[in-house]
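Protein chains in written order, with my numbering: chain A, 2 to 229; chain L, 2 to 229. We treat Cβ as the ideally placed atom computed from N, Cα and C, and that holds for glycine. Worksheet: one structure, shown below.
Number of protein chains: 2
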Amino acid sequence: MAATILVVEDEPAIQELIAYNLRQAGHQPLCADSAEQALRLVSNALPDLVLLDWMLPGASGIEVARRLRGDKRTRSIPIIMLTARSEEQDKLQGLETGADDYITKPFSPRELNARIKAVLRRRAPQMTDDVVEIGGLRVDPAGHRVTGNGEKIDLGPTEFRLLHFLLTHPERVHSRAQLLDNVWGDHVFVEERTVDVHIRRLRKALEAGNLDQMIQTVRGTGYRLSAS
Amino acid sequence: MAATILVVEDEPAIQELIAYNLRQAGHQPLCADSAEQALRLVSNALPDLVLLDWMLPGASGIEVARRLRGDKRTRSIPIIMLTARSEEQDKLQGLETGADDYITKPFSPRELNARIKAVLRRRAPQMTDDVVEIGGLRVDPAGHRVTGNGEKIDLGPTEFRLLHFLLTHPERVHSRAQLLDNVWGDHVFVEERTVDVHIRRLRKALEAGNLDQMIQTVRGTGYRLSAS
DNA sequence: ACCAGATGTTGCAGATTTGTGACATCTGAC
DNA sequence: GTCAGATGTCACAAATCTGCAACATCTGGT
Numbered sequence: 002m003a004a005t006i007l008v009v010e011d012e013p014a015i016q017e018l019i020a021y022n023l024r025q026a027g028h029q030p031l032c033a034d035s036a037e038q039a040l041r042l043v044s045n046a047l048p049d050l051v052l053l054d055w056m057l058p059g060a061s062g063i064e065v066a067r068r069l070r071g072d073k074r075t076r077s078i079p080i081i082m083l084t085a086r087s088e089e090q091d092k093l094q095g096l097e098t099g100a101d102d103y104i105t106k107p108f109s110p111r112e113l114n115a116r117i118k119a120v121l122r123r124r125a126p127q128m129t130d131d132v133v134e135i136g137g138l139r140v141d142p143a144g145h146r147v148t149g150n151g152e153k154i155d156l157g158p159t160e161f162r163l164l165h166f167l168l169t170h171p172e173r174v175h176s177r178a179q180l181l182d183n184v185w186g187d188h189v190f191v192e193e194r195t196v197d198v199h200i201r202r203l204r205k206a207l208e209a210g211n212l213d214q215m216i217q218t219v220r221g222t223g224y225r226l227s228a229s
Numbered sequence: 002m003a004a005t006i007l008v009v010e011d012e013p014a015i016q017e018l019i020a021y022n023l024r025q026a027g028h029q030p031l032c033a034d035s036a037e038q039a040l041r042l043v044s045n046a047l048p049d050l051v052l053l054d055w056m057l058p059g060a061s062g063i064e065v066a067r068r069l070r071g072d073k074r075t076r077s078i079p080i081i082m083l084t085a086r087s088e089e090q091d092k093l094q095g096l097e098t099g100a101d102d103y104i105t106k107p108f109s110p111r112e113l114n115a116r117i118k119a120v121l122r123r124r125a126p127q128m129t130d131d132v133v134e135i136g137g138l139r140v141d142p143a144g145h146r147v148t149g150n151g152e153k154i155d156l157g158p159t160e161f162r163l164l165h166f167l168l169t170h171p172e173r174v175h176s177r178a179q180l181l182d183n184v185w186g187d188h189v190f191v192e193e194r195t196v197d198v199h200i201r202r203l204r205k206a207l208e209a210g211n212l213d214q215m216i217q218t219v220r221g222t223g224y225r226l227s228a229s
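Following this line, the structure appears as structure tokens:
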């Protein structure tokens, strides 16, 4: 669960306090004390999560969030905003702008860690570049490679994303709508039956290693990837 | 845990915010911005839960709750009311009127989800995706799997829902009408005797592990699932 | 033992869901 | 512009689910 976490906070004391706690928890903090610096750091290397103070000088916390959400490259980075207790209003606006959660100052390290963990768990699974392997089926997102029992498997882009999603969420049924949301993306207008076709193509590609039976149909519900 | 959730809220921004979060959590939001629209939607199709703003124009939030509680068809739908921090009074009145819980604006997605889950678990256990196990019979809603003493059991969609409902409401008798309401859904016109047939199919599937005796007939009343 | 009502069991036709191949369109590389 | 690969959609076949009715069996009361 070691994550790179960008801390955007103008108050040096609080920034250092947070960084210390993150290091304690095994994370890798990156610190910025302004919106500009934050965006520069992000353009260099994508963090896994952003802790964003809402009350930066110039009220630019909101702007940072908006920019992160506006760019396709950074859209899916989870954001937790830090707010003072009095800024009740901002919470709504913040959540609206796309923050995943908020946390009210002052907060305990325990609380901070719990929220980080939860947000990462909710958002992360198929976002990481970790190699995933289940029952001889192996996907390497970084290298965009798939092998079945060591044999190379060729997949088209969509089949690749589909398999990757299924592998990172195994042993549970996904409806066609859920698959469309997670593999094709939100707000995409595509027939549900199209999922069937790509499942078919995926199974066909997996036939080589007799792994096609890992993709199971659950009649009336959807599809499931299972080790057995 | 995919539930249909009716959101009754006149403020468009908040309504959209809530809907977004519900979708994120895998639910299916239905939105209404007035008491009238809410009641109309409910008469169409029963939601699994209602998020109800207490301060609708005309203070009709209370009225909506009263109507929902007054109609037999909607009486058991869980209601969570949304209140502003200052409206302390209303909380009491709301809980009195039959709300299952309240949540104070502004609230975090985390908090909202936690409450929804808690209320659903209390009022409609079969809506959650928790694994249920009684006397060696085990149902995993997320994976859509059933095992009896470790052995895999195959069920059709209806038998699956039926067993899931019985497992989440064990040790009590359900009339055929209740089973039709809860497993088939209301607004469905089906002979009561059809329940018998599906009970039969369920028992047959459970015979493998000698678990069919867990489904018991209560003559003149209905059926019951018991640890035997 | 007999009866009436309740429940168990079965086969089936119609409805629904899914698998599959074919085809039209789109996209980016050259 | 052309081409190859990728993608979405459709139509038809195959698989399966469902509700029902008909008949069999059971239960409790008399």
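Given a limit of 7 Å on CB to CB distance, which residues of the segment 163–178 of chain A reach chain L?
-> Here the close residues are 172, 173, 174.
Top-ranked residue by Cα proximity to residue 114 of chain L, from L/229, L/227, L/3 | Here the closest residue by C-alpha is L/3.
Taking only beta-carbon positions, decide if residue 143 of chain L is within less than 8 Å of chain A.
-> For residue 143 of chain L, at least one C-beta of chain A is nearer than 8 Å to its own C-beta.
Distance between beta carbons of residue 175 of chain L and residue 142 of chain L, contact taken as under 8 Å | Actually they do not touch by this definition, with Cβ atoms about 19 Å apart.
Length of the line joining the Cα atoms of residue 103 of chain L and residue 121 of chain L | If you take the alpha carbons of residue 103 of chain L and residue 121 of chain L, they lie about 14 Å apart.
Under 7 Å between beta-carbons, which chain L residues line up against residue 221 of chain A? List them in chain order, please.
-> Those within 7 Å of residue 221 of chain A in chain L are 158.
Tell me whether residue 79 of chain A is buried or exposed, calling it buried when 16 or more other Cβ atoms sit within 10 Å of its Cβ.
-> So residue 79 of chain A ends up on the buried side.
The segment 205–220 of chain A: positions lying closer than 8 Å to chain L by Cβ | For the segment 205–220 of chain A, the set of residues with a beta-carbon nearer than 8 Å to any beta-carbon of chain L comprises 219, 220, in chain order.
What did DSSP end up calling residue 51 of chain L once you bin it into helix, strand or coil?
-> It is a strand residue.
Under 8 Å, do residue 171 of chain A and residue 200 of chain A count as touching if we go by C-beta distance?
-> Against a cut-off of 8 Å, the Cβ pair of residue 200 of chain A and residue 171 of chain A comes out as no contact.
Between residue 13 of chain L and chain A, is there a C-beta pair that is closer than 8 Å?
-> At a cut-off of 8 Å, the C-beta of residue 13 of chain L has no neighbouring C-beta in chain A.
Are the segment 206–219 of chain A and the segment 19–28 of chain L touching by the rule of at least three beta carbon pairs closer than 8 Å?
-> Verdict: no, contact absent.
Do we get a CB-CB distance below 8 Å when we pair residue 24 of chain A with the residues of chain L?
-> The beta-carbon of residue 24 of chain A is placed no less than 8 Å from the nearest beta-carbon of chain L.
If we ignore side chains and look at the alpha-carbon of each, how far apart do residue 49 of chain A and residue 137 of chain L end up?
-> Roughly 42 Å between the two C-alpha positions.
Helix, strand or coil: how does DSSP classify residue 24 of chain A here?
-> Helix, per DSSP.
Chain-order list of residues whose beta-carbon lies under 6 Å from that of residue 179 of chain A (same chain, five-residue window excluded) = Only residues of its own chain outside the window of five on either side were considered, and among them none has a CB closer than 6 Å to the CB of residue 179 of chain A.
Rounded to whole angstroms, what's the CA-CA distance from residue 213 of chain A to residue 149 of chain L? Just pull it up for me.
-> Roughly 26 Å between the two C-alpha positions.
Measure the C-alpha to C-alpha separation of residue 70 of chain A and residue 61 of chain A and round it to an integer number of angstroms.
-> Rounded to whole angstroms, residue 70 of chain A and residue 61 of chain A show a C-alpha spacing of 14 Å.
Using a Cβ cut-off of 9 Å, pull out every chain L residue sitting near residue 225 of chain A, in sequence order please.
-> Residues of chain L passing the Cβ test: 144, 145, 146.
Mind listing the chain L neighbours of residue 197 of chain A? Cutoff is C-beta to C-beta under 9 Å, in chain order.
-> Neighbours of residue 197 of chain A across chain L, judged by C-beta separation under 9 Å, do not exist; the nearest C-beta is about 17 Å away.
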